[in-house]
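Data block below; observations after.
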Amino acid sequence: MPVPAEDSRDAAILDKRIGVTVLTGFLGSGKTTLLNRLVRTPRFAGAAVVINEYGSVGIDHHLVRGSADTVTVLEGGCICCLVRGALADTLRDLFMQALRRTIKPFRHLIIETSGLASPAPILFTLRHEHFLAERYVYEGTIAVADARQLAGVPSAEPMRAPTSTTVPTPDASPTLLPLPAEMTQQLALADQIVIGKADLASPREIDSARARAGAINPSAAVHVLRPDAELPSLLLADGGYRKGSPASGAGWLGRFVSASGEGMAGGQGEGAEAGIRFSAGGAAHDVAVCTHVYTEPVARAAFLLRMSALQESLGESLLRVKGLVYFSDGSGPWVVHGVHRELYPLVALDGWPDHDHPYQDHASRLVFIVRGMSSAALATMLRERL
């Protein structure tokens, strides 16, 4: 059984660590396009870029000049690593090279996963490798999705440009194509979802892609990326996993609460049945999404033990759990974040975001995204075990 996550309060230590942003997305989604734009921004200027490539096919030569080199300097002064071995060894070597000044020191690191990879092992590595945990801090995952693929449009179907004579009908839209399991997991793990190749999609397809992204991961911010538009400011903000960062508040959970409609039913204290609410549309992707609510503060030790047991039971089916919890010791609220069997260090907020309507009741809320389970089965498990 996993060890419950430890508290993480020392802002001074956190602030000195190198921020890690994970960039993921299915094959052909446009990750490289976004990466090239990110490294040209002031926030990521001079960042180290790790290409997490395990296959035998080389990386795009426009991104990595000379795949035989371990470290490549990109435009804007960014350092690019091509990883074919252990990621932990690469991150350790990068840090030591910067310490010895054999490469330029860096304050940010972007890890781009391969198109078929899940970001979860990267989070595990950052959490459990002691050397890395002291020197790097996870700042969130950005998932890129092809607009038309996310909208469920067959790749062979041409985009239909709207005309003055076009009259949309309810049955004119094609049946949504299922998404690859890897793509669904990438979207579920993301803190932010970028809909790429938007210039190749119609307005209707963009709307469909937005809706589908929201159904899979209601807590993620969704951006539409166009070639001629500036990058959204949220993509360039500090991640939500540092104490005191602008994104560490409850905006992401507020998006879920707002999207889920009416208020949630609440329990009457720690021993009562907690409120449960589901988001619409999750079942279409073999993904159940729901929120577990405590209306009263919960005991910290008991909560961590129950979460650990629940995560052990769900295993790989638990794509993500994220939320705010108020403990009975009077501290908090605390940001809770877990993937699969891992519960990551809790991050304390200075106070409840009273300006954000969903939190006026100061109730604890946990958003679960689970694959291969019905909403009813998930609700039963949460009631019985959490």
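Just so you know, we're using the numbering used here here: the sequence shown kicks off at 193 and counts up by one.
Glycine is no exception: its CB is placed at the ideal position from the N, C-alpha and C atoms.
Burial state of residue i (16 or more Cβ within 10 Å)
i, result
"E304", "buried"
"S306", "buried"
"H484", "buried"
"M288", "exposed"
"R404", "buried"
"P489", "buried"
"L283", "buried"
"S566", "exposed"
"G211", "buried"
"L570", "buried"
"L510", "buried"
"A260", "With a pLDDT of 33 at A260, under the threshold of 50, the predicted position of this residue should be treated as unreliable, though the coordinate-derived value follows. Exposed, by the Cβ-count rule."
"H254", "In this prediction, H254 has a pLDDT of 40, which is less than 50 and means its spatial position is unreliable; nothing more can be read from the coordinates."
Residue i: first and last residue of the uninterrupted alpha helix (DSSP H) it sits in
i, result
"D399", "395-408"
"E501", "A quick correction: the sequence has Ala, not Glu, at residue 501. That run of the alpha helix (DSSP H) goes 492-506."
"S567", "567-577"
"E582", "Residue 582 lies beyond the range of the chain shown here (193 to 578); nothing can be said about it."
"L541", "First-last for L541: undefined, no H or E at that position."
"L301", "Per DSSP, L301 belongs to no alpha helix (DSSP H); it is in the beta strand (DSSP E), 300-305."
"T483", "Run containing T483: none in the alpha helix (DSSP H); it sits in the beta strand (DSSP E), 479-486."
"A339", "339-342"
"T233", "Here T233 belongs to no alpha helix (DSSP H), and DSSP marks it neither H nor E."
Whether residue i touches residue j by CB criterion (9 Å)
i, j, result
"T216", "Q378", "yes"
"V481", "I385", "no"
"T233", "L428", "yes"
"G222", "V336", "yes"
"A312", "E534", "yes"
"Y486", "V517", "yes"
"V559", "P410", "yes"
"R557", "G515", "yes"
"L226", "G388", "yes"
"F519", "R498", "no"
Length of the line joining the Cα atoms of residue i and residue j
i, j, result
"R575", "A393", "42 Å"
"V479", "A240", "34 Å"
"P395", "K296", "44 Å"
"L584", "D521", "As shown, the chain starts at 193 and ends at 578. That puts residue 584 outside it, with no answer to give."
"F448", "A343", "Because the pLDDT of F448 is 48, which lies under 50, any placement of that residue in the model is unreliable, and the question is left without a value."
"D202", "P525", "With a pLDDT of 48 at D202, under the threshold of 50, the modelled position of that residue is not reliable, and the figure given next carries that caveat. Cα to Cα, D202 sits roughly 16 Å from P525."
"H415", "F323", "34 Å"
"D383", "F236", "18 Å"
"L286", "M375", "29 Å"
"K208", "L301", "13 Å"
"E508", "F495", "21 Å"
"A412", "D399", "16 Å"
"A339", "P424", "17 Å"
"L538", "G564", "27 Å"
"T333", "A568", "29 Å"
"P370", "A401", "13 Å"
"V214", "V231", "13 Å"
"E397", "L426", "23 Å"
"A501", "W544", "28 Å"
"R293", "E321", "23 Å"
"A421", "Q341", "21 Å"
"V527", "L291", "32 Å"
"I468", "D553", "Interpretation of I468 is limited by its pLDDT of 49, a score under 50 that renders its predicted location unreliable; no figure is taken from the coordinates."
"G220", "S523", "45 Å"
Span of the beta strand (DSSP E) around residue i
i, result
"E326", "Unbroken run through E326 is the alpha helix (DSSP H), 322-327; no beta strand (DSSP E)."
"L215", "210-217"
"K514", "510-517"
"F287", "Per DSSP, F287 belongs to no beta strand (DSSP E); it is in the alpha helix (DSSP H), 279-291."
"R563", "556-563"
"A413", "413-416"
"H529", "526-531"
"I387", "384-388"
8 Å CB neighbourhood of residue i in its chain, flanking five on each side removed
i, result
"R418", "A390, D391"
"P372", "F218"
"A325", "L318, R319"
"S505", "M573, R577"
"R299", "I210, G211, G238, A239"
"Q503", "P194, L510, V513, G530, H532, R533, E534, L535"
Spatial neighbours of residue i in its chain, beta-carbon cut-off 6 Å, leaving aside the 5 residues before and after
i, result
"D542", "none"
"A555", "V485, T487"
Other residues of its chain near residue i: CB distance less than 7 Å, five sequence neighbours each side excluded
i, result
"Y328", "R209, I210, V212, L283, L301, L318"
"R229", "L423"
Residue i at chain C interface by Cβ criterion, 9 Å
i, result
"F519", "Although the question refers to chain C, the structure presented lacks it and comprises just one protein chain."
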